[in-house]
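Residue numbering for the sequence shown follows UniProt numbering, beginning at 1 and increasing consecutively.
Think of the CB as a built atom: it goes at the ideal place given N, C-alpha and C, for glycine as much as any other residue.
Here is the structure we will look at, set down as structure tokens.
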Amino acid sequence: MRRAFLAPGLLLILVAIGGRYTLDRAGLVDLAWVDLRVIGVLIALAVLILNAAELRSRKAGREGWIIVALLFFLFQIASALWAPPAARVGPQVLDLVLLGVLLVATYQYTTGDPETVIRFTFQLFFVAAIVYALAAIFISGPGEQGRYSAFGGGPNVFARIEVLGVISAIALFMLTGRVLPLLVIPLFLLATVLSGSRGTLVAGGVVGFAALLKLRHRLSAAGIAASVVVSLAAVGLIWALAPPEFTDLFQERFVEQTVQEQYLSGRTDIWMAAVRLFADHPIGGAGVDGFYGLIGVNQAVEYPHNYVLAVAAEGGLIGLGLLTLSVLLWTRIVHGGGHRPQLTGLAVASAVFVALSGLFSGDYYDSRLAWMFAAMAAAAALVAPAPAPTPVTPLATVAK
């Protein structure tokens, strides 16, 4: 596999991880209008076109789910026509356009060689999770709320990268048989807890529990015992090596606020406001960014912090219907794993984790990794492996 083939994937993933990175975050205030996402996507598409011969996709078919997903994005963009005056239509439309481009580009890129692309993706996320964790602990430090993050991003997005690092470590172990990636998992778990992202921890726990249920018949008693021992050792290692702020954050964020005070950062009030907005605009919703334009602008709330409720409030039954249909069509494709059960399962786990995280925080663009991993899973399931080359019969043998 040539390096040029891997270059588009590197750019696409960097764009996805970087989020909305404008140059003002680097201190260049006068160039705040420069959106590095757009530049990165354009360069990635150019490299894909230049390597079209090598990236020739294998026949996949059954791509109705991605067509419906694009129709869903187009409907969200079209809903700007009835969005309230205070809605931030321009930035939202750009986010949705980039979502569609990332989805299609990732799918087309993965169909060229699902094995290489997905393995390369997990390698990149494994490295990214290490870099983010070290930067958060040793460079950025705790923020105003005592929560950790890195490179100017929010704690919730930072936590997602760390849990994806855990999934990537497990994936690399399954794909290569090397134990070394598993040894880094305590660092990822420590960084996730330091982020204080309760929703991310819940989403990761649900995916992990579901994976154990699916694999329960393949696990031996010795394997289960070893997992318990490793888990206890990881917890002990985290507790021993964690910075002093760890215990304070854990006590305040997870014990006092969550268990004792049942504090949910005002999420229930925000979600109920989104439900009421859906009830007021049940068919086509309030329009893209309508939640902010009608509610958030007066209450200093950026978005509903729940992807499904945001779609319901701003896209109504039409938006919910398109999203549901796309997910159902995708589920039919990835169910059973298709041609590559292991790779498909790992990509599905990543997509589902990010999607579940989106039920607790984030806006439309924060769902990008869920859509990208969903595209990888579909490509892994649909694309048939390349046929083995036919052995050439020596001429001497033919002569005989």
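Let me check one thing: in DSSP terms, what residues is residue i bridge-paired to?
i	result
Tyr148	Pro142
By Cβ distance below 6 Å, which residues in the same chain neighbour residue i in space, the five residues on each side in sequence not counted?
i	result
Tyr148	Ala136, Pro142, Leu194, Ser195
Leu328	none
Glu261	Low per-residue confidence applies at Glu261: pLDDT is 44, beneath 50, and the placement is therefore not dependable enough to give any value.
Val166	Ile185, Phe188
Phe278	Ala312, Ala313
Trp65	Ser326, Leu329, Trp330
Gln92	Val288, Asp289
Tyr21	Leu36
Compute the Euclidean distance between the alpha carbons of residue i and residue j, then round it to the nearest angstrom.
i	j	result
Leu382	Val348	14 Å
Ala189	Gly9	Reading off the sequence, residue 189 comes out as Leu, not Ala. For Leu189 and Gly9, the distance between alpha carbons rounds to 26 Å.
Thr116	Gln145	41 Å
Gly319	Leu232	45 Å
Ala105	Gly236	42 Å
Ala44	Val15	10 Å
Phe138	Val275	41 Å
Leu201	Leu12	26 Å
Gln299	Arg88	15 Å
Gly284	Leu99	21 Å
Leu369	Gln76	19 Å
Gly208	Phe72	30 Å
Leu359	Gly204	12 Å
Ala386	Thr111	11 Å
Ile130	Pro282	44 Å
Val163	Val354	9 Å
Val334	Pro181	26 Å
Val259	Leu6	Summary for Val259: the model assigns pLDDT 48, below 50, so the residue's position carries little reliability; its value from the coordinates is reported in the next sentence. Near 46 Å, if we compare the C-alpha coordinates of Leu6 and Val259.
Arg119	Val297	43 Å
Ala150	Gln123	20 Å
Leu317	Tyr107	27 Å
Val301	Ser367	18 Å
Gly266	Leu183	37 Å
Met174	Gly199	27 Å
Thr121	Thr176	14 Å
Ser361	Thr268	12 Å
residue 402	Val179	The question about residue 402 has no answer here: the residues shown for the chain are numbered 1 through 400.
Thr324	Phe291	21 Å
Ala211	Glu63	26 Å
I'd like the list of long-range same chain contacts for residue i, defined as Cβ closer than 7 Å, with 5 residues on each side in sequence excluded.
i	result
Arg17	Before going on, a small fix: residue 17 reads as Ile here, not Arg. So the list reads Ala128, Ile161, once near-sequence residues are dropped.
Ser197	Pro155, Asn156, Ala159
Val206	Leu356
Leu48	Pro8, Leu55, Ala105, Tyr109
Ala133	Glu162, Leu187, Phe188, Ala191
Ala351	Ala370, Phe373, Ala374, Ala377
Leu96	Phe73, Gln76, Ile77, Tyr364
Lys214	none
Got a sec, what are the start and stop residues for the alpha helix (DSSP H) residue i sits in?
i	result
Arg160	155 to 176
Glu314	307 to 334
Ala351	341 to 357
Ile66	64 to 78
Glu115	114 to 135
Trp371	368 to 382
Trp82	Note, Trp82: premise wrong, no alpha helix (DSSP H); not H, not E.
Asp269	267 to 280
Arg198	198 to 215
Leu194	185 to 195
Hey, residue i and residue j: beta-carbon distance below 9 Å or not?
i	j	result
Pro114	Met376	yes
Gly293	Ala159	no
residue 401	Val38	Limits of the chain in this structure are 1 at one end and 400 at the other, which puts residue 401 out of reach.
Glu314	Asp289	yes
Leu322	Val68	yes
Ala310	Ile295	no
Thr344	Ala380	yes
Gly19	Tyr365	yes
Ala378	His339	no
Ala171	Leu36	no
Ser168	Phe125	yes
Leu70	Leu103	yes
Spatial neighbours of residue i within its chain, please: CB distance less than 8 Å, with the 5 preceding and 5 following residues excluded, ordered by chain position.
i	result
Leu81	Gly287
Trp271	Pro304, His305, Asn306, Leu309
Pro85	Gly293
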